[in-house]
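Residue numbers (our numbering), protein chains in the order written: chain A, 272 to 854; chain B, 272 to 854.
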């Protein structure tokens, strides 16, 4: 190594040692006759001291170097007179007796500090400089450690990590695939996997019993905020299991990660049906760090002559504790907030339960005190509570209330970033009806098994068949999801029927899986975690871009390497393709 | 779990226990009144016993089930009277009192046994059945464990695993890229990485200090035997290092893997220059488990009037110990062997040093005994040795002799599959001249640094500049390769000049790297191991397909899922592409 030590390891016990450090210049200070250089590497920062008295030439040289120069400096470790207790190396400094500029640096486009002056666009273009910042570096290190710990945990439980192929086949079912033209097979294409779903099922048919993989997956979506065209999953599958076994193993994994990386023992995992999640939280990924459940008051609020409520499919609301004091202005502002297109509510009705027990509401005109007291009781409201009520279509109203609930949770500080509440949402609907194509789609994917007790509805009432599927939700973030799979060829075939996938199409797309089910497929099930999101959750950031080394922007571009890009005419020809672009 | 135990764990100490096992029927035997079923899972095989006396109905049911049925059976563990010492579970059997057929199986296309009756094509089509075979399963398990151990080793040395992007940009330099059309950016393409080379260098510029990744890489080659379009690398990079540091760390890794998985302490790593590798072994990846070095006898053999030798650029051969007794027929057969197009030699001259010290040669007509004794001495040959000599162009002759050397090593049993000799080949040429395009290409890649002592030749004698590059070779298999990289922007720019890459082109393709070098790039270097090949070496197989879960065939097709395949017209349209296929 060009160095004897890293910039993060020297301590008081090292005083007297002759050392050589390599790293980047964090900053230099000249105090007249003394120049101090903070030299930085991945492991820390150490102070180098250059004194005009000890070595004039070296002192002069030290004065010429700028931020982010790469230098190699040798000297003696000594105890500092003015120690810096904030730095692990703050007790010592290195009195330099030699220094070499390994590589100078132009002025960097933004400063390499926690509070940087660089905007996101600039930082992404120079991501290699952004990575020098402590925050980004720490996130990448956390990601590495979480991956390592995950592998460790699963390996100990006899899971085998198996690499499944990246060049696979396109399946029109589900989201859009990225495609890869084959040069050797003109007119043929590979596809990049959206997940290794069928392969991991085949590994179960192959008898591997317990599989996992940290694996890149790909989805050609119209980009939205914080989606990446390539993302990483912790993909898992087990044979001879029920949902209970899956829950046990993966609660264990999540518990271990929390202990290891947050020093937190998470409590028991709550379980909630999809039905109740929607009913009480207006979302299938509720944040259960706080209550404030949605209350349906349709029965007591409708039929009293208030047309808005009478015409509504549902009247429901939330009880916001301690907020009866909200001013007119605050209520107006909340009303504007729910009317934004992202929330899409038509309006907001309030009921204040004042401290003296009186009730004040925006619908006083339509409801007398006696009526309103029924509402107050319906919500279980106390003095000083504020009820916020919406009405309209069931789905949209519950969704909007779910959003309002989160917003009020934020405003009241009920969503403590250092508290983690884990939740399984289960019993999802098996199917979703699509109006446009007039057919059912699998809510999860076509390999998810229906709940046994709902099997009899598969023919006559498919919309109400529940799936043996589950999501893991932490603090309102869906970190993973999975299901017990179909392992019976007749059931799989039936499922394709329900999904209006013809026998021919099923054979063409999934023939290999149907084949596999003919030769002794074991019962199996699994789960896949969104690793990027999980790391972001642990890192305490909202953006998965913060935990990806080289992320793409919301338009799917890597602005650092400037990709995607045009290619040579010859490359196109080799692939037997022509561009077909409307000017 | 549907089971209480796996099929591999019950022992004598478990006798008396009530257990439930799940697995596949390996075989059934009916001994009249007693039916034995061997039930198999990933962990082993256990014998189930069904007795007509104990339960007639169950006994009848057991007789109906066939190979590869998935069953669940419960019963009591008892000690066997006729123990099977070959099986870990051979001391016990399970007297069944219940059995359920979970999933029946059609007759499998080949038997699930070590010695299977299935050819490769068939086994690949039903790879999920092939994986049930012990051999394939063991290879996948070994692969998992080797990956796990590699991560463990590198993690302990502070390496960080960082995921680099899969959707990157095409670089015409080097092998052919797989391309991925971008739907959202019409006419633009991503490329799949042939290696994360530039990204790992940027991580060093970003200060991550020690990086590794087990990563899928992609190369769109014209397929040859045992190449896969997607393959896995152990990709590594370190900052502030010299070649010595790289050698130390990665010899350590390889040593640890050998201890762990082969229980072998490999000796010291030999070091050999590229020049000497070619000179003595006719290849840059010599198998040094045995000597039999190539000896150049041009000086003593030429100019004696034998035109074949006189016209040759080189006359050289190998000394095959103890083979002077080879018959005419054997020599003829060897001559045919070297004349095959794969070897491409024109002929083979032999000299036998008989046991009585007399010499017999195929060129007796041209060389007297006195001359031949000079040869014998040149080779350091003893009685009973056979000299095999070729002549011709230097490169082709050395190459052919290298092949012949390996063949003789095989025939003499000198290539013991349980002996492992590790070697670094170093000082590769920096550049290769290409006659067709009349320019130099980087032998390694354009980011490899020249040896400092050869820098002065870069302008006037580029062909003779050596690179600071190295390969790790074990038993004739190139398992890894790397280099100390260029970290100076002027040197990188110079390198592009030498490679006749224009300033514009360099900027377009590698502008981000050139940019990065402006902001304090540290000295760095690394290595990448071909993980598939490494696992194959440890598994003792010649084919990397044996250690890949779902390999493609030599035409790049996955015959199980039938990929690549045609796609919908709509998918093509979405990508702004038209097929351009000559009928």
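A virtual CB, placed ideally from N, CA and C, is assigned to each residue, including glycine. Remember, predicted model here, so these are calculated numbers, not experimental data.
Contacting residues, own chain, Cβ-Cβ under 7 angstroms from residue 466(A) (five flanking each side not counted):
Locating residue 466(A) in the first chain gives position 195, counting from the first residue. Contacts found: 488, 504, 506, 799.
Kindly identify the DSSP beta-bridge partner or partners of residue 566(B).
To locate residue 566(B), count along the second chain from 1; it is residue 295. Answer is 588(B), bridged to residue 566(B).
Could you list which residues in chain B have their beta carbon closer than 7 angstroms to that of residue 723(A), in chain order?
In the first chain, residue 723(A) corresponds to position 452, counting from 1. Here the premise fails: no neighbours, minimum Cβ distance about 14 angstroms.
Are residue 462(A) and residue 448(A) close, meaning C-beta to C-beta below 7 angstroms?
Stepping through the first chain from its first residue, residue 462(A) is reached at position 191. Stepping through the first chain from its first residue, residue 448(A) is reached at position 177. Yes.
Distance, Cα to Cα, residue 273(B) vs residue 292(B)?
On the second chain, residue 273(B) is found 2 positions in, with the first residue counted as 1. On the second chain, residue 292(B) is found 21 positions in, with the first residue counted as 1. Roughly 8 angstroms separates the two Cα atoms.
What residues from chain A crowd round residue 459(B), counting only those whose CB sits closer than 7 angstroms?
For the purposes of this step, residue 459(B) is identified with residue 188 of the second chain, where counting begins at 1. Residues of chain A passing the Cβ test: 835, 836, 837.
According to DSSP, which residues form a beta bridge with residue 741(A)?
For this step, residue 741(A) is matched to residue 470 along the first chain. Under DSSP, residue 741(A) shares a beta bridge with 697(A), 753(A).
Interface partners of residue 714(A) on chain B, CB under 9 angstroms:
Residue numbering aside, residue 714(A) sits at position 443 when the first chain is read from its first letter. Residues of chain B passing the Cβ test: none, with the nearest at roughly 23 angstroms.
For the candidate residues 524(A), 472(A), 519(A), whose alpha-carbon lies nearest to that of residue 510(A)?
In the first chain, the residue the question calls residue 510(A) occupies position 239. Of all alpha-carbon atoms in 524(A), 472(A), 519(A), the one lying nearest the alpha-carbon of residue 510(A) is that of 472(A).
Integer Cβ distance of residue 319(A) from residue 346(A), believed to fall under 8 angstroms
As a position in the first chain, residue 319(A) is number 48, starting the count at 1. As a position in the first chain, residue 346(A) is number 75, starting the count at 1. 7 angstroms between Cβ atoms; contact.
Residue 671(B) and residue 679(B) look like a contact to me (Cβ under 8 angstroms); what is the Cβ gap, rounded to whole Å?
Position 400 of the second chain, counting from 1, holds the residue named residue 671(B). Position 408 of the second chain, counting from 1, holds the residue named residue 679(B). About 13 angstroms; that fails the 8 angstroms criterion.
Taking Cβ to Cβ, would you say residue 410(A) is nearer than 7 angstroms to residue 818(A)?
In the first chain, counting from the first residue as 1, residue 410(A) sits at position 139. In the first chain, counting from the first residue as 1, residue 818(A) sits at position 547. The Cβ-Cβ distance between residue 410(A) and residue 818(A) falls below 7 angstroms.
Residues near residue 630(B) in its chain [Cβ-Cβ closer than 8 angstroms; skip 5 each side]:
Looking up residue 630(B) in the second chain gives position 359. Excluding residues up to 5 positions away in sequence, 622, 623, 624, 640, 643, 644, 647 lie with their Cβ nearer than 8 angstroms to the Cβ of residue 630(B) in the same chain.
Kindly list the residues whose CB is nearer than 8 angstroms to the CB of residue 677(A), restricted to its own chain and excluding five residues on each side of it in sequence; keep chain order.
As a first step, residue 677(A) is located in the first chain; it is residue number 406 there, counting from the start. Excluding sequence positions up to five before and after residue 677(A), its CB lies within less than 8 angstroms of the CB of 558, 686, 747, all in the same chain and listed in chain order.
Is there contact here, the segment 650 to 660 of chain A with the segment 546 to 565 of chain A, by at least three beta-carbon pairs under 8 angstroms?
Contact between the segment 650 to 660 of chain A and the segment 546 to 565 of chain A is absent, with fewer than three C-beta pairs closer than 8 angstroms.
Grouping DSSP H, G and I as helix and E and B as strand, with all else coil, what is residue 820(A)?
The residue you call residue 820(A) lines up with position 549 of the first chain. Residue 820(A) falls in the coil class under three-state DSSP.
Give me whichever residues DSSP pairs with residue 462(A) in a beta bridge.
Locating residue 462(A) in the first chain gives position 191, counting from the first residue. 439(A), 450(A).
What does residue 273(A) touch in chain B if you count any residue whose Cβ is under 8 angstroms from its own?
As a working note, residue 273(A) is residue 2 in the first chain. Near residue 273(A) (Cβ distances below 8 angstroms), the residues of chain B are 511, 512, 513, 794.
In the segment 398 to 424 of chain B, which residues sit with their C-beta less than 9 angstroms from some C-beta in chain A, listed in chain order?
With the criterion set as a beta carbon lying under 9 angstroms from some beta carbon of chain A, the members of the segment 398 to 424 of chain B are 398, 399, 400, 401, 402, 403, 407, 408, 411, 412, 414, 415, 416, 418, 419, 422, 423, in sequence order.
If we call anything under 7 angstroms between Cβ atoms a contact, is residue 791(B) one with residue 341(A)?
By one-based count along the second chain, residue 791(B) stands at place 520. By one-based count along the first chain, residue 341(A) stands at place 70. Residue 341(A) sits close to residue 791(B), with the two beta carbons spaced by under 7 angstroms.
Between the segment 815 to 832 of chain B and chain A, which residues of the former have a C-beta closer than 9 angstroms to a C-beta of the latter?
Listed by position along the chain: 819, 820, 821, 822, 823, 826, 827, 828, 829, 831, 832.
Inspect the beta-carbon positions of residue 705(B) and residue 737(B) and report whether they are closer than 7 angstroms.
For this step, residue 705(B) is matched to residue 434 along the second chain. For this step, residue 737(B) is matched to residue 466 along the second chain. Taking 7 angstroms as the cut-off, the beta carbon of residue 705(B) is found no closer than this to the beta carbon of residue 737(B).
Alpha carbon of residue 797(B) to alpha carbon of residue 508(B), nearest angstrom
Here the question's residue 797(B) lines up with position 526 in the second chain. Here the question's residue 508(B) lines up with position 237 in the second chain. For residue 797(B) and residue 508(B), the distance between alpha carbons rounds to 4 angstroms.
State the start and end residues of the unbroken beta strand (DSSP E) segment that holds residue 509(B).
The count along the second chain starts at 1 and reaches residue 509(B) at position 238. Boundaries of the beta strand (DSSP E) around residue 509(B): 501 to 510.
Give the secondary structure of residue 364(A) by DSSP, where H, G and I count as helix, E and B as strand, and everything else as coil.
Taking the first residue of the first chain as position 1, residue 364(A) is located at position 93. It is a strand residue.
Length-filtered (4 minimum) alpha helix (DSSP H) runs lying within the segment 580 to 661 of chain A
Listed in chain order, the complete alpha helix (DSSP H) runs (minimum 4 residues) inside the segment 580 to 661 of chain A are 599 to 610, 640 to 650.
Considering only DSSP beta bridges, list what residue 350(A) is partnered with.
Taking the first chain and counting its residues from 1, the one referred to as residue 350(A) is at position 79. According to DSSP, residue 350(A) bridges with 363(A).
Given a cut-off of 7 angstroms on the beta-carbon distance, is the pair residue 585(A) and residue 668(A) in contact?
For the purposes of this step, residue 585(A) is taken as the residue at position 314 of the first chain. For the purposes of this step, residue 668(A) is taken as the residue at position 397 of the first chain. When the beta-carbon positions are compared, residue 585(A) and residue 668(A) come within less than 7 angstroms of each other.
Assuming residue 744(B) and residue 784(B) are in contact, meaning their beta carbons sit under 8 angstroms apart, how far apart are those beta carbons, in whole angstroms?
Translated into the one-based positions of the second chain, residue 744(B) becomes position 473. Translated into the one-based positions of the second chain, residue 784(B) becomes position 513. A Cβ-Cβ separation of about 29 angstroms leaves residue 744(B) out of contact with residue 784(B) under the 8 angstroms criterion.
Proximity winner among 609(A), 619(A), 596(A), 468(A), relative to residue 626(A) (alpha-carbon distances)
Position 355 of the first chain holds residue 626(A). Ranking the options by Cα distance to residue 626(A), first place goes to 596(A).
Interface partners of residue 852(B) on chain A, CB under 8 angstroms:
Here residue 852(B) refers to the residue found at position 581 of the second chain. Here the neighbours are 457, 458, 847.
Mapping the DSSP letters down to three states, classify residue 806(B) as helix, strand or coil.
To locate residue 806(B), count along the second chain from 1; it is residue 535. In the structure shown, residue 806(B) adopts helical secondary structure according to DSSP, grouped into three states.
Show which residues of chain B have a CB atom less than 7 angstroms away from the CB atom of residue 360(A).
In the first chain, the residue the question calls residue 360(A) occupies position 89. Within chain B, no residue comes near residue 360(A); the closest Cβ sits about 16 angstroms away, beyond 7 angstroms.
Using CA coordinates, which residue listed in 547(B), 543(B), 483(B) is at the minimum distance from residue 431(B)?
For the purposes of this step, residue 431(B) is taken as the residue at position 160 of the second chain. Comparing C-alpha distances from residue 431(B) to each of 547(B), 543(B), 483(B) shows the shortest one belongs to 483(B).
Three-way DSSP call (helix, strand, coil) for residue 297(B) in this model:
Locating residue 297(B) in the second chain gives position 26, where the first residue counts as 1. For residue 297(B), the secondary structure class from DSSP, reduced to helix, strand or coil, is strand.
I want to see whether chain B comes within less than 7 angstroms of residue 502(A), judged by CB atoms only; does it?
Numbered from its first residue, the first chain carries residue 502(A) at position 231. Not a single CB atom of chain B sits nearer than 7 angstroms to the CB of residue 502(A).
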